[in-house]
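With the numbering used here applied, the sequence shown corresponds to residues 293 to 665, in that order.
Yeah, the Cβ is synthetic: ideal placement off N, Cα and C, and Gly gets one too.
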Amino acid sequence: MGKKYIDDKHFLEQYLRVIELQNGDRKVLLTPDYQGRVMTSTADGDQGYSYGWLNYQLIESGRFLPHCNNFGGEDRFWLGPEGGQFSIFFPQGSDFGFEDWQAPAVIDTQAWETVSASAEKAIFFKETLLKNYADTELKCRLDREVSLLDEQSLQAELGIQLPEDLPSVAFRSVNKLTNAGDFSWNRQTGMLSVWILGQFITSDRNTIIITLKPCAAARINDSYFGKIGDDRLRISDHVLYFKGDGGKRGKIGTPPEMTVPVCGAYDAENGTLTIVKFSFDPSPRDYVNSMWEHQQEPFKGDVINSYNDGPLEDGSLMGPFYEIESSSAASALAPGETLTHTHTTVHFKGAFDPLNTLSKALLGVDLSEVPAF
Numbered sequence: 293m294g295k296k297y298i299d300d301k302h303f304l305e306q307y308l309r310v311i312e313l314q315n316g317d318r319k320v321l322l323t324p325d326y327q328g329r330v331m332t333s334t335a336d337g338d339q340g341y342s343y344g345w346l347n348y349q350l351i352e353s354g355r356f357l358p359h360c361n362n363f364g365g366e367d368r369f370w371l372g373p374e375g376g377q378f379s380i381f382f383p384q385g386s387d388f389g390f391e392d393w394q395a396p397a398v399i400d401t402q403a404w405e406t407v408s409a410s411a412e413k414a415i416f417f418k419e420t421l422l423k424n425y426a427d428t429e430l431k432c433r434l435d436r437e438v439s440l441l442d443e444q445s446l447q448a449e450l451g452i453q454l455p456e457d458l459p460s461v462a463f464r465s466v467n468k469l470t471n472a473g474d475f476s477w478n479r480q481t482g483m484l485s486v487w488i489l490g491q492f493i494t495s496d497r498n499t500i501i502i503t504l505k506p507c508a509a510a511r512i513n514d515s516y517f518g519k520i521g522d523d524r525l526r527i528s529d530h531v532l533y534f535k536g537d538g539g540k541r542g543k544i545g546t547p548p549e550m551t552v553p554v555c556g557a558y559d560a561e562n563g564t565l566t567i568v569k570f571s572f573d574p575s576p577r578d579y580v581n582s583m584w585e586h587q588q589e590p591f592k593g594d595v596i597n598s599y600n601d602g603p604l605e606d607g608s609l610m611g612p613f614y615e616i617e618s619s620s621a622a623s624a625l626a627p628g629e630t631l632t633h634t635h636t637t638v639h640f641k642g643a644f645d646p647l648n649t650l651s652k653a654l655l656g657v658d659l660s661e662v663p664a665f
């Protein structure tokens, strides 16, 4: 039935400074050492199912890898764009090859300052200077608040009455990006986005579910790691199903024109339904493009991304894990202005019928109709 929360807690306490949020049996583990990241959570106390995917080997090693450190975790603060002529991952003049790709330390290896921590909430911040591919220096302040939601707050967040006796855990991150410099960020200087990534446990019967808004003029981006076949990806006019088994590497992205700000995953093997809800303004906005190339449209990017891990070309495997990600609009900020992006993660674990009731209400999807990839 999966790993236990208490085992993950004991493991993480050996190597990291850990903050635990708690409300009854609902628990969430964070660490300032990894930018105030939510590492894992449970709905059933210490002996309950632990929802976050963790890279035990890398955490235990105590070392940092070149390029990027994938420590895992359910909600981590990231910044875009990753690729393109305004990328903060590639230096000016590079050809967007892997050897030049480098995650900025502020979202990879640097610890953040802890402002405060209680049983319900933890607050973190960091100041940094980032240089993009266009050689623009962007001075930033990053703030992050993570809260554990009680049942009343969760019902208000989701806008529905929750089924009785169905274990759940929910946490919300409020993520702020402030222009701490002396000039405005725009299409000429380049702009950043707040990008929240969650990494979760795979199974052979796990399916990522993304509700879509019909839009004939827009399309799903599935070209990040090569086109994904219909044995792993099914798209209709109102929903996308993506196999999240960790068996083959693939990534998809949804444009703002098709975005409904709620998505999730159903793991039939472990009896879990994960819901991700985030802030989204449907009015026309710029979204940074993270494709690893010199882009014709650097501000025509994704809002939702989902990644399924799988073997790399050399046969090695990072996880396996799957990801659900959300991004803010591009930060067209004057000096002193702040962009805020909110990302909420909810896990339910139980029998099929109550999970299906929730899926219908929140995703508009009958779980009995989820493809058996």
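Given 8 Å as the limit, is there contact between the region 327-341 and the region 578-597, that is, 3 or more CB pairs closer than that?
-> Cβ pair count under 8 Å is below three, so no.
Nearest candidate by alpha-carbon position, reference P553, set P627, Y599 and L655 = On the sequence shown, position 261 is the one that residue 553 refers to. When C-alpha distances from P553 are compared across P627, Y599 and L655, the shortest belongs to L655.
Nearest to N478 (by Cα), restricted to the options T428, P612 and E549 | Against the sequence shown, residue 478 aligns to sequence position 186. The shortest CA-to-CA distance from N478 to any of T428, P612 and E549 is the one to T428.
Count the other CB atoms, across all protein chains shown, that sit within 10 Å of the CB of Q670; report buried if there are 16 or more and exposed otherwise.
-> Lying outside 293 to 665, the shown extent of the chain, residue 670 is not represented and no answer is given.
Buried or exposed: S660, going by 16 or more other Cβ atoms within 10 Å of its Cβ?
-> Residue numbering aside, residue 660 sits at position 368 when the sequence shown is read from its first letter. S660 comes out exposed.
Under 8 Å, do I379 and Y425 count as touching if we go by C-beta distance?
-> Here residue 379 is taken as the residue at index 87 of the sequence shown, counted from 1. Here residue 425 is taken as the residue at index 133 of the sequence shown, counted from 1. Looking at the sequence shown, residue 379 is not Ile but Ser. A Cβ-Cβ contact shorter than 8 Å links S379 with Y425.
Identify the residues that DSSP records as bridge partners of C555: which are they?
-> Along the sequence shown, read from residue 1 onward, the residue named residue 555 stands at position 263. Within the DSSP secondary-structure output, C555 pairs in a beta bridge with I502 and V568.
Considering only residues of the same chain and omitting the five flanking positions on each side of T470, which have a CB-CB separation below 6 Å?
-> By 1-based counting over the sequence shown, the position of residue 470 is 178. Around T470: R433 and T630.
Grouping DSSP H, G and I as helix and E and B as strand, with all else coil, what is T406?
-> Position 114 of the sequence shown, counted from the first residue, corresponds to residue 406. Strand at T406.
Are P627 and D474 touching if we call contact CB-CB under 8 Å?
-> Here residue 627 refers to the residue found at position 335 when the sequence shown is read from its first residue. Here residue 474 refers to the residue found at position 182 when the sequence shown is read from its first residue. A contact, by the Cβ cut-off of 8 Å.
For the alpha helix (DSSP H) holding E443, just list the boundary residues, first then last.
-> Against the sequence shown, residue 443 aligns to sequence position 151. E443 to L450 is the span of the alpha helix (DSSP H), which, as asked, contains E443.
Assign P611 to one of two classes, buried (16 or more other C-beta atoms within 10 Å of its C-beta) or exposed (fewer than that).
-> One-based indexing of the sequence shown puts residue 611 at position 319. Strictly speaking, residue 611 in this sequence is Gly, with Pro absent from that position. Counting Cβ neighbours within 10 Å, G611 comes out buried, since at least 16 surround it.
So what does DSSP say about M550, is it helix, strand or coil?
-> As a first step, residue 550 must be located in the sequence shown, where it is residue number 258. DSSP places M550 in helix when its eight states are reduced to three.
Going straight from the alpha carbon of I311 to that of L322, what length do you get?
-> Residue mapping note: residue 311 aligns to position 19 of the sequence shown, counting from 1. Residue mapping note: residue 322 aligns to position 30 of the sequence shown, counting from 1. In a straight line, the C-alpha of I311 is about 5 Å away from that of L322.
Return yes when the Cβ of W393 is within less than 8 Å of the Cβ of F382, no when it is not.
-> On the sequence shown, residue 382 is found 90 positions in, with the first residue counted as 1. On the sequence shown, residue 393 is found 101 positions in, with the first residue counted as 1. A contact, by the Cβ cut-off of 8 Å.
According to DSSP, residues forming a beta bridge with F382 | As a working mapping, residue 382 is identified with position 90 in the sequence shown. Bridge pairing for F382: absent [DSSP].
With a threshold of 16 other CB atoms inside 10 Å of the CB of L441, please say whether the residue is buried or exposed.
-> Here residue 441 refers to the residue found at position 149 of the sequence shown. Buried: at least 16 other Cβ atoms inside 10 Å.
Cβ neighbours of W345 in the same chain (closer than 6 Å, five flanking residues each side left out) | Mapped onto the sequence shown, residue 345 falls at position 53. Taken in chain order, the residues that qualify are G364, Q491, F492, I493 and F613.
Distance CB(V595)-CB(T551) smaller than 8 Å = Indexing the sequence shown from 1 puts residue 595 at position 303. Indexing the sequence shown from 1 puts residue 551 at position 259. Cβ distance < 8 Å, so V595 and T551 count as in contact.
Does the distance from the CB of F388 to the CB of G375 come in under 8 Å?
-> Residue mapping note: residue 388 aligns to position 96 of the sequence shown, counting from 1. Residue mapping note: residue 375 aligns to position 83 of the sequence shown, counting from 1. Cβ atoms of F388 and G375: closer than 8 Å.
Taking buried to mean at least 16 other C-beta atoms within 10 Å of its own C-beta, is G316 buried or exposed?
-> Your numbering for residue 316 matches position 24 in the sequence shown. Exposed, since its Cβ has fewer than 16 Cβ neighbours within 10 Å.
Output yes or no for whether 8 Å exceeds the beta carbon distance between H635 and S465.
-> Numbered from 1 along the sequence shown, position 343 holds the residue referred to as residue 635. Numbered from 1 along the sequence shown, position 173 holds the residue referred to as residue 465. Yes. Within cutoff.
Compute the Euclidean distance between the alpha carbons of I298 and G482, then round it to the nearest angstrom.
-> Numbered from its first residue, the sequence shown carries residue 298 at position 6. Numbered from its first residue, the sequence shown carries residue 482 at position 190. When rounded, the distance between both Cα atoms is 44 Å.
In its own chain, which residues sit with a C-beta less than 6 Å from the C-beta of L609, not counting the 5 before and 5 after it?
-> Position 317 of the sequence shown, counted from the start, is the residue given in the question as residue 609. Excluding its 5 nearest sequence neighbours in each direction, L609 has C-beta neighbours in its own chain below 6 Å: P603, listed in chain order.
Count the other CB atoms within 10 Å of the CB of I452; is the residue buried (16 or more) or exposed (fewer)?
-> Position 160 of the sequence shown, counted from the first residue, corresponds to residue 452. So I452 ends up on the exposed side.
D537: buried (16+ other C-beta within 10 angstroms of its C-beta) or exposed?
-> As a first step, residue 537 is located in the sequence shown; it is residue number 245 there, counting from the start. By the neighbour-count rule (16 or more Cβ atoms within 10 Å), D537 is buried.
Among the residues of its own chain, which have a CB less than 7 Å from the CB of F572, if the five just before and after it don't count?
-> Sequence index remark: in the sequence shown, residue 572 carries index 280 (1-based). The beta carbon of F572 is closer than 7 Å to those of T551, P553 and V595 in its chain, skipping five residues each way along the sequence.
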